[in-house]
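Shown next, in structure tokens, is the structure this report addresses.
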Amino acid sequence: EDESGAARFQALLDREEKIEPRDWMPDRYRKLLVRQISQHAHSEVVGMLPEGNWLTRAPTLKRKAVLLAKIQDEAGHALYLYSACETLGTSREETIEALLDGRAKYSSIFNYPVPTWADVGAIGWLVDGAAIVNQVMLCRCSYGPYARAMERICKEESFHQRQGYEIMIKLAQGTPAQKKLAQDALNRWWWPSLMMFGPHDSESTHGNQSTEWKIKRRSNDDLRQHFIDMTVPQAEFLGLTVPDPDLKWNEDRGHYDFGPINWDEFKAVLKGGGPVGRERMAARRAAHDDGAWVREAAIAHAEKRKARQHA
Ligand code: 3HC
């Protein structure tokens, strides 16, 4: 990893060229991407768990079918992202192991409980909404396979956001009890959704390096502000109140001012705090162990096929 290699690499990036798997890249660029892409994939997988619990409880067949389609999409997103990770030289087993033994993170948002059907709506509206804001930016990421995975994922994610918002419209325009369900869900998911964008830029470990290498194209705070500016009018359309007394449109800034984020909660949830974090990982380990026979059968079948082809 010599000076000239790094300089040539940076010049490529500054010319907005994409880095492909066979290109030379600094080890730290590779490591930063493996970290981010694997945690992104883990988030897609763990995100399916709370939604799976609501499949059998969906209020209508249509909602059940839509939720099933969304969950299948998430599984597909995880596969694109695990595959993008493998182009950087990691094995699938290694990456999955890092999740199961707690070394790798997944988005803190999935450590929150999903107590009512309105939460399923709020997740689609806010969590997938925030994910879209972040993922549209990642379509311009300098690493080719990651950027291309994002193109496909963003198309499906916008359906996730719309179906969630439609659930919220139904509830907000329903009976007073339904509208209260929607308001309570907004109260639970508003602040955790803001935390999805990561710590403030001043606290961001990777922000500067990630920006210099054109992985991150907009900062955590910039994307968070964009999400707030876009989402507050949607809450107003629903006739719901955003649970932030400091939220106020600032004409001079052309953005909403908003209150302080509870970073202690963020850190506690990141440490897998609270019963839900442990429950999510237990469910993942159980699914992994229960699924071992499928992996073994698929490998045996592939080996038999290979043997037949060479016979
Ligand atoms: N949850 C968990 N960890 C988080 C986090 C969050 N909401 N926000 C930040 N972190 C972690 C970072 O991973 C980093 O820890 P690490 O060094 O151990 O990886 C640390 O906090 C410091 O944060 P940084 O700002 O320095 O980290 P990044 O530069 O990586 O920025 C990020 C954080 C914006 C989340 C970035 O990693 C990113 O863009 N990741 C890809 C997007 C992603 O993972 N989205 C998950 C959303 S859920 C989803 O997509 C499923 C959808 O279907 C709903």
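Going by full-length UniProt numbering, the first residue of the sequence shown is number 10, and it counts up by one from there. Glycine included, C-beta positions come from ideal geometry on N, C-alpha and C. Here the structure is a predicted model, which is why all the values come from computation and not from measurement.
For leucine 70, is the classification buried or exposed, using 16 other Cβ atoms within 10 angstroms of its Cβ as the cut-off for buried?
-> exposed
Within 7 Å, strictly: CB atoms of histidine 49 and leucine 90 = yes
Looking at glycine 56 and the ligand 3HC, is the gap between the Cβ and the nearest heavy atom below 6 Å?
-> Yes; taking the cut-off as 6 Å, the Cβ of glycine 56 has a heavy atom of the ligand 3HC nearer than that.
Lysine 40 Cβ short of 6 Å to the ligand 3HC heavy atom set = no
Alpha carbon to alpha carbon, how far is proline 252 from tryptophan 199?
-> 7 Å
Looking at residue 378 and the ligand 3HC, is the gap between the Cβ and the nearest heavy atom below 6 Å?
-> An answer regarding residue 378 cannot be provided, because it is not within the stretch 10 to 320 covered by the chain.
Glutamine 19 to leucine 88, Cα distance in whole Å?
-> Going from the Cα of glutamine 19 to the Cα of leucine 88 covers about 29 Å.
Do serine 219 and the ligand 3HC come close, with the Cβ less than 6 Å from some heavy atom?
-> yes
Apply the 10 Å Cβ neighbour rule to isoleucine 46 and answer buried if 16 or more other Cβ atoms are within range, or exposed otherwise.
-> buried
Is DSSP giving asparagine 259 helix, strand or coil here?
-> Three-state DSSP puts asparagine 259 in a strand.
State yes or no: is the C-beta of leucine 42 within less than 7 Å of the C-beta of leucine 97?
-> yes
Return the chain-ordered list of same chain residues with a C-beta closer than 7 Å to the C-beta of valine 142, the five sequence neighbours on each side being excluded.
-> Leu232, His235 and Phe236
Going along the chain, which residues of its own chain have a beta-carbon closer than 7 Å to the beta-carbon of arginine 101, five neighbours each way excluded?
-> Tyr91 and Glu95
Please name the residue or residues paired with aspartate 210 in a DSSP beta bridge.
-> Answer is none; aspartate 210 lacks a bridge partner.
Can you tell me which of His297, Gln318 and Ala301 puts its alpha carbon nearest to the alpha carbon of tryptophan 54?
-> Before going further, note that residue 54 is valine rather than tryptophan in the sequence given. Nearest C-alpha to valine 54: His297.
Pick from His169, Tyr155 and Lys114: whose alpha carbon is nearest that of lysine 223?
-> Tyr155
Supposed contact pair phenylalanine 119 and proline 208 - C-beta distance, whole angstroms, cut 8 Å = Contact doesn't hold; Cβ gap of about 18 Å is too wide.
Just to confirm, does alanine 131 get its C-beta within under 6 Å of one of the non-hydrogen atoms of the ligand 3HC?
-> No, the Cβ of alanine 131 stays beyond 6 Å of every heavy atom of the ligand 3HC.
For the candidate residues Ala140, Tyr115, Leu147 and Thr104, whose alpha-carbon lies nearest to that of serine 219?
-> Leu147
Taking only the alpha-carbon atoms, compute the straight-line gap between lysine 179 and alanine 78 and give it to the nearest angstrom.
-> 20 Å
Thinking C-alpha only, which one of Arg66, Ala131 and Phe206 is nearest serine 117?
-> Phe206
Nearest to aspartate 23 by alpha carbon, out of Arg44, Cys150 and Val136?
-> Answer by Cα proximity: Cys150.
Say the cut is 6 Å; is the CB of threonine 104 nearer than that to a heavy atom of the ligand 3HC?
-> Incorrect: threonine 104 has no Cβ contact closer than 6 Å to the ligand 3HC.
8 Å CB neighbourhood of glycine 268 in its chain, flanking five on each side removed | When the five nearest sequence neighbours on each side are left out, the beta carbons in the same chain lying within less than 8 Å of the beta carbon of glycine 268 are those of Asp253, Pro254, Asp255 and Leu256, in order along the chain.
Whole-number beta carbon distance between glycine 133 and glutamine 172, since they are thought to touch under 8 Å = Indeed, because the Cβ distance is near 5 Å, the residues count as touching under 8 Å.
Tell me, please, whether the CB atom of leucine 203 is closer than 7 Å to any CB atom in chain D?
-> Absent from the structure: chain D. Only one protein chain is present.
Could you check the C-alpha separation between proline 68 and alanine 131 for me, to the nearest Å?
-> Their backbone Cα atoms lie some 15 Å apart in a straight line.
Quick one: does the C-beta of glutamate 83 sit closer than 6 Å to a heavy atom of the ligand 3HC?
-> yes
Burial state of isoleucine 162, where buried means 16 or more other Cβ atoms lie within 10 Å = buried
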